[in-house]
Amino acid sequence: MERLWAGDCAQLVRSWRVASLSGSGRATKQAVLQHRRAFEKLLQKIQGLPAVLPSLPLELTVLYNSLLFDLGSSDCIVEREPEGIRQGLLRVLEAGGVSGQDLSTEELWQKVLQEVPAEELRAPLHQLGVLQGVLWLAANRLGSITGLLRLLSGAKEPVLSPCPGGENELLALLRAWQVPADGGTSPLVVQSARDVREILWTAAAFLQGFQELEAGNLPAALSLLQLAATGFCSKRVLAQIYICLGCCTRQMGKPQTALQHLKQALQLDFQCLTALSQAAMVYHQLGEMDAELEALALLHEALDSPPPEAGSAASGSLVQTELLVHPLALVSLLRQPSPSEVKYLLAQRCLQAGRTAEAGEHYLDLLAVLQEGPRHQVPLHSQSALPRIPEVFLEAACALEQLGRHRDTIAVCEEVVSRTSDLTPEMLRIDLSSWDGAEAGSSSPRPRSGLSCDILPQKKESLRCILWRAAAYLHQGRAWAGLADSKEAITQFTRCLNDLLRVQLVSADGLHIGEVAAGALPEAAVLQKIRLLALVGRGTQFLELGRDRDALMNFQYALQVSPGDLAAASHLLQTLWKLDRRQEAAALWQKLQADSGQTEGQQEVPGRSFPLYLTLCPQPTNLLLDGSLARSLQDYLGSSSQKP
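Numbering follows UniProt numbering, in which position 75 of the sequence shown is assigned residue number 75; successive positions increment by one, without gaps.
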């Protein structure tokens, strides 16, 4: 009977080797399922009889093959404790007349290896031990693998760590493990246990290196990942290892080394597009704009192309490194960006670099893609490189405005208005009473002791919608000004300011609202910035219409909003001079001259960041640079000083 079963096993092994060499990817998967069922049936026949020592080597070999096909039929190995290995160990104990039903799998291994020392069982037990290590690695039970390897190798003391070459004890035990010869020399085994051991070693080095990378232990991560790169794996996995090496060295402050690793990843697997994405990030860090844009363009082209057909597994390899190296965190690191994300990065980088024509085209392409999807309102959450959808539209408007495409700017901003109008409340009251002023020497307010500033997410979202719509009106006002339609421009600037009046930031304690709001609510600084730009913009349009007193009032309000703003101050100065209020103009000019050394380069609060659609929109002209006005003021001051 045993000879018949051995013949069946050998026949199945030969059948699998032929199928794995000649079949396509789909045919190979079908062959895996067919041979898995065949080995399960053969195993059931063998285990239908009582366990006896002479037939156990064949039974464990059939079990090994059956488990290989079980693992090979999965896309990845999930954390589990298969019953097959446990039943195999219990059969060994049964043949030796020993009981172990109540023992854990680790205890079963210890009992089998210590109490059933049959030499003929050595090879099949080592085969099962390799698969047990694979399953425990998938479950991140590194200590259990180390304990099993000590038992299999007969080591009584822990291997010294760290070992030569940067290996830890687990990797050193795996490397030193003398797995009995099988595989190509045995007609009864579908995949060599030695090959599986090499895969286990590589995966253990890779996963431990990635864990160290996540924990921020960069030198340890670098050492383990470099070891993994020398292991037994496919080009695809090796490319992933090099991506992790690139991420590690970039965090270590070695961007050029990171680029070399990422280039190696692309050379190994050009479809590993995460390497291109990471390379673009490194070029951005280095300030190499042309190289960054080239990488992003290649990435977008590759993402927009049809994906290639997945290659089939290596011939005869049922357990591969790919099955072991897909924890969720690693999947997140290797995630490929979407074409829309890359298109946005191209548009954003071009806009920041002053390549406005390219930015405008990229933004228009992106808006066309966004318009194709279902017409949703404002997305509340985003995990991608894309900002909120209205901000994308406003950045596009900023680019179009700089290109002089004023009517396109108006149309894009109208889309923002329509998307946010239903979400904009008539009045929004936000209480900041629970926030204290800044302590002496502190740059920002903090929550008052014993109180919390719990601004509801709904209120924050409503505030963002108000700011987006107000910014859209602001850009429309600028666009109408560019079209020389001052009346329509004033209308849009006024709509912008009216929207901002919907927001009431209150503090029952009478604290300085602006200062408190900056710490409690960063959007408050954006609100003030939009208000400043709208007041200056409306004032300049009143000047165009000859309504100088209305212009004067707007510039005065603008300076109240931002006392240090040079653009508002210079427009106020010009208007005072134009209205023949020369003494006030001269006093303001002297003050600005005295403060110029202190305010130069400090137009914005250090550390404060504004949205891209505000920071890169065309800024009002600084009329302090007007030489003729400065000379007139100097002449006036000179003549005034000579009067008694």
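Just so you know, even glycine gets a beta-carbon here, dropped at the ideal spot from N, CA and C. All figures in this text were calculated on a predicted structure; none of them were measured in a lab.
- For R429, there is no enclosing alpha helix (DSSP H); the residue is found in the beta strand (DSSP E) stretching over L428 to D431.
- In this structure I530 is not in contact with A489, their Cβ atoms being roughly 15 Å apart against a cut-off of 8 Å.
- Looking at D75, V196 and L173, the one whose alpha-carbon comes closest to that of L131 is V196.
- Per the Cβ contact rule, the segment 271 to 283 is in contact with the segment 245 to 256 (3 or more Cβ pairs under 8 Å).
- With respect to the C-alpha of L367, the residue from R355, E391 and Q352 having the closest C-alpha is E391.
- Taking a contact as a CB-CB distance under 8 Å, the pair L505 and D548 does not count as one, their CB atoms being some 32 Å apart.
- Here DSSP, grouped into helix, strand and coil, assigns L262 to helix.
- As DSSP reads the structure, Q504 sits in a beta bridge with R429.
- Apart from sequence neighbours up to five positions away, the residues of its chain that approach E198 with a beta-carbon distance below 8 Å are G231 and F232, ordered along the chain.
- If you ignore the 5 residues before and after R250, its C-beta comes within less than 8 Å of the C-beta of A258, Q278, M281, V282 and Q285, all in its own chain and listed in chain order.
- With a 10 Å radius around the Cβ and a threshold of 16 neighbouring Cβ atoms, F270 comes out exposed.
- For V237, the uninterrupted alpha helix (DSSP H) segment begins and ends at K235 to Q251.
- Within the same chain, and ignoring the five residues on either side of K460 in sequence, the residues whose Cβ sits closer than 8 Å to its Cβ are L521 and E523.
- At the C-beta level, L152 and W177 come within 8 Å of one another.
- If only complete runs of 4 or more residues are kept, the segment 16 to 64 shows the alpha helix (DSSP H) at 25 to 47, in order along the chain.
- The alpha-carbon separation between S99 and A215 amounts to approximately 43 Å.
- For G231, the secondary structure class from DSSP, reduced to helix, strand or coil, is coil.
- In the three-state reduction of the DSSP assignment, E488 falls in the helix class.
- The three-state secondary structure of F610, taken from DSSP, is coil.
- Per DSSP, the unbroken alpha helix (DSSP H) holding K111 starts and ends at T105 to E115.
- Around T146, the same chain offers E169, L170 and L173 as residues with beta carbons nearer than 7 Å, after the five sequence neighbours per side are excluded.
- Scanning C465, T491, L71 and L273 for the CA closest to the CA of V503 turns up C465.
- The beta carbons of A534 and G477 sit closer together than 8 Å.
- Note on P611: 16 or more other CB atoms within 10 angstroms of its CB, so buried under the neighbour-count rule.
- DSSP places N217 outside both helix and strand once states are collapsed to three, so it counts as coil.
- For a cut-off of 8 Å, the C-beta gap from L346 to V190 is around 49 Å, too long to register as a contact.
- Here E120 carries a helix assignment [DSSP, helix/strand/coil].
- Within a 10 Å sphere around the beta-carbon of S305 sit fewer than 16 other beta-carbons, which makes this residue exposed.
- Secondary structure at F270: coil, using DSSP grouped into helix, strand and coil.
- Segment contact: the segment 84 to 103 against the segment 52 to 68, three or more CB-CB distances shorter than 8 Å; contact assigned.
- Here the C-alpha atom of A51 lies approximately 15 Å from the C-alpha atom of W5.
- Sequence-distant Cβ neighbours of C272 in its own chain, meaning closer than 6 Å and more than five residues away, are A239 and A265.
- A distance below 7 Å between beta-carbons, with the five flanking residues on each side excluded, links L467 to the following residues of its chain, in chain order: E523, V526, L527 and I530.
- Selection L637, R150, T540 and E415 evaluated against A585 yields L637 as nearest (Cα-Cα).
- The Cβ atoms of V416 and F393 lie closer than 8 Å to each other.
- Out of R236, Q127 and T420, the CA that lies nearest to the CA of R388 is found in T420.
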